[in-house]
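Peer 1:
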Amino acid sequence: MHAVRIAGAGSTAFGASPGRTGRDLFGEAARIAIKDSGVPRADIDRLCYGNFVGTVTESQGHQAPLMTEAAGVTAPATRYESACASGGVALKSAVEAVRSGAIDVALVGGMERMHNVTTEQATEGLAMAADHLYESRAGVTFPGAYALMARAYFEEFGGTRADLAAVAVKNHRNAIGNENAQFQRAISTTDVLEAPTIADPLGLYDACPITDGASACVLVSEAYAKEHDLNASVTVTGTGQGTDSLALQHRESLTRTPATTRAATAAYDDAGISPADIDLLEVHDCFTIAEVVALEGLGLYDHGAAIDAASSGETTRDGDLPVNLSGGLKAKGHPVGATGVSQVVELTKLLRGDHVNSTAVPDASVAVAHNAGGTVASATVHVLEVRP
Amino acid sequence: MGEQREDGYDDLLDAIESNTGYYLSCPAGHGSLPPRQVCPTCGDDDLSTEPLPDTGTVVTFTEIAVPAPAFTGQTPVVVIADFGPVRLTGRLVDDSDALEVGSEVVPTVATSPDGGRHIGARLVSER
């Protein structure tokens, strides 16, 4: 098996840029990542590209050829769609292609543009990640689905809105100074608790924002990195994916996310690590409750035990296990199809030492990225390690 | 929306409307909702139709303040209720003041302002 190195990584600024086209956003992320890698464009063998609702927001299907043009490459290209895990599955495919020896260099990335439509249209687009007949038709929105999970969690394990608010406060704090983040400002627990309700028990500040943006990485085989003397210390050592029933009602438990556990088990086995080896994580915190169930699904906490991980300080910047040092989806932003790759962009910089928050994890060598689609009907987990 | 039938799904709604709701069951007892070619849990293609219990128990709910376009101007309340072998996600068609986890509901058929038929729920206590 060929080891996979991350030679380059880059993102656009995340936020509201309603006038910028998807092709322009992805073109920028790809340009930054390719320049960061030092890899000639002609050497790129494949583009694996994630996007969720571009067919709705830009009326644009068949985006892969468009994005190769935007990146200035001529490689075979495919768009991957697994809702909010579109970037994660694109990444997994690229990792497997390099590992197999089929290709030496992959450009992997994702893009989402949502501010060019109304909030209602964006809400409707995101709700397409749910079961249309059995959930969306009955009025379930994406925040509504996570609210159903949050109330079920409170019923089963206890916990309060203040516990969830600590997740939002932590992730906003982490985004300060991250020049790509959508919200580079602190918020208080009171801000979270007093924000307008979007789907009770969740309020506006329990939710990640609607985000326009793109991210990209250049993956190379270890042999290619050596041959071209690339500076590529961050290695993808584990990849895993899990799937669950699409609709919440079909699952055995409303508070557990077995897709995450399946993805994590596969990725940890692949890398030969255990949860205790992990120094930092980027997890899929589309809502505050999502970070809680992610940490449990990833095997870092028992079920019902991660509710106070943020409020107790364990997952803060100075805690034992920093989670979402980038600001997470909550504050960095969530350009849906890009998110799975954006997490790896952030972790690559954190591990290389060129991220604003690298000082929080100076000795880190093992990082994990967790990307989830819908109410975690899809999940990917990737393990990144620093190697000489 | 709502004119093109969705075979299986609309058949279930018709049955619920006439108080003859059902679910699908495999020999191992796994419940599922139509349309199904096989049991989603074990893959068995020997599926029988079993009567849906008359009432279910609410296991979670939410009132959605920012709705999808189909419910513009409303704040739909959605419940997931446990009917034993299956759970149903439905929009509460009663006033939600008495709603809590553990409330008993009966399944019904509701329609959104844009005409989309879907599963609804009525509180037993409000009947």
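So the sequence lines, in the order shown, correspond to chains A and B.
The numbering of the first sequence is my numbering, which starts it at 1 and goes up by one.
The numbering of the second sequence is my numbering, which starts it at 1001 and goes up by one.
All C-beta atoms in this analysis are idealised placements derived from N, C-alpha and C, irrespective of residue type, glycine included.
Model, not experiment: these values are computed from the prediction.
Is there contact here, the region 153-163 of chain A with the region 132-139 of chain A, by at least three beta-carbon pairs under 8 angstroms?
Peer 2: Taking 8 angstroms as the limit for Cβ pairs, the verdict is that the region 132-139 of chain A does not touch the region 153-163 of chain A.
Peer 1: Identify the contact partners of Tyr80(A) in chain B, using a Cβ-Cβ distance below 7 angstroms as the criterion.
Peer 2: Result: empty, since nearest Cβ-Cβ is about 24 angstroms, beyond 7 angstroms.
Peer 1: What span of residues does the beta strand (DSSP E) with Asn174(A) cover, start to end?
Peer 2: Counting along the chain, Asn174(A) falls outside any beta strand (DSSP E), though it belongs to the alpha helix (DSSP H) covering 161-175.
Peer 1: Do three or more CB pairs link the region 113-127 of chain A to the region 215-227 of chain A at distances below 8 angstroms?
Peer 2: They do not touch, by the three-pair rule.
Peer 1: So if I threshold CB-CB distances at 7 angstroms, which residues from the region 42-69 of chain A count as touching chain B?
Peer 2: The region 42-69 of chain A vs chain B, Cβ under 7 angstroms: nothing.
Peer 1: Any beta carbon from chain B within less than 8 angstroms of Arg173(A)'s own beta carbon?
Peer 2: No, Arg173(A) does not count as interfacial toward chain B.
Peer 1: Okay, do the region 144-155 of chain A and the region 288-301 of chain A touch, 3+ Cβ pairs below 8 angstroms being the bar?
Peer 2: The region 144-155 of chain A is in contact with the region 288-301 of chain A.
Peer 1: Answer with buried or exposed for His62(A), where buried requires no fewer than 16 other C-beta atoms within 10 angstroms of its C-beta.
Peer 2: Counting Cβ neighbours within 10 Å, His62(A) comes out exposed, since fewer than 16 surround it.
Peer 1: Chain A beta carbons: is any one of them nearer than 8 angstroms to that of Ile1016(B)?
Peer 2: Not an interface residue.
Peer 1: Since Thr1049(B) meets chain A, which of its residues come closer than 7 angstroms, beta carbon to beta carbon?
Peer 2: Those do not exist, as Thr1049(B) stays about 18 angstroms from chain A at its closest Cβ, beyond 7 angstroms.
Peer 1: Determine, for Gly139(A), whether the minimum Cβ-Cβ distance to residues of chain B falls below 8 angstroms.
Peer 2: At least one chain B Cβ lies under 8 angstroms of Gly139(A).
Peer 1: Rounded to whole angstroms, how far is the Cβ of Val1079(B) from the Cβ of Leu1092(B), which I believe are closer than 8 angstroms?
Peer 2: That pair is a contact at about 6 angstroms.
Peer 1: Using CA coordinates, which residue listed in Ala225(A), Asp131(A), Arg41(A), Thr237(A) is at the minimum distance from Ala83(A)?
Peer 2: Here the closest residue by C-alpha is Asp131(A).
Peer 1: Got a sec: is the Cβ-Cβ distance from Gly1116(B) to anything in chain A below 8 angstroms?
Peer 2: It does; some Cβ of chain A falls within 8 angstroms.
Peer 1: Across which residues does DSSP place Cys84(A) in a beta bridge pair?
Peer 2: Partner(s): Ser82(A).
Peer 1: How many Å lie between Asp104(A) and Leu298(A) at the Cα?
Peer 2: Going from the Cα of Asp104(A) to the Cα of Leu298(A) covers about 30 angstroms.
Peer 1: List, in order along the chain, the chain B residues whose C-beta lies closer than 9 angstroms to that of Tyr134(A)?
Peer 2: Chain B residues near Tyr134(A): Tyr1009, Leu1033, Leu1088, Thr1089, His1118, Ile1119.
Peer 1: Just to make sure I have the definition right: I need the residues of chain B whose C-beta is within less than 8 angstroms of the C-beta of Arg151(A). Which are they?
Peer 2: What Arg151(A) touches in chain B: Thr1060, Phe1061, Thr1062, Val1101.
Peer 1: According to DSSP, is Glu112(A) part of a helix, a strand, or is it coil?
Peer 2: Glu112(A) falls in the strand class under three-state DSSP.
Peer 1: By alpha-carbon positions, which one of Val1059(B), Gly1084(B), His1118(B), Thr1075(B) ends up nearest to Gly1029(B)?
Peer 2: Comparing Cα-Cα distances from Gly1029(B) to each of Val1059(B), Gly1084(B), His1118(B), Thr1075(B), the minimum goes to Gly1084(B).
Peer 1: Rounded to the nearest angstrom, what separates Ala207(A) and Lys330(A) at their Cα positions?
Peer 2: Distance between the alpha carbons of Ala207(A) and Lys330(A) is about 6 angstroms.
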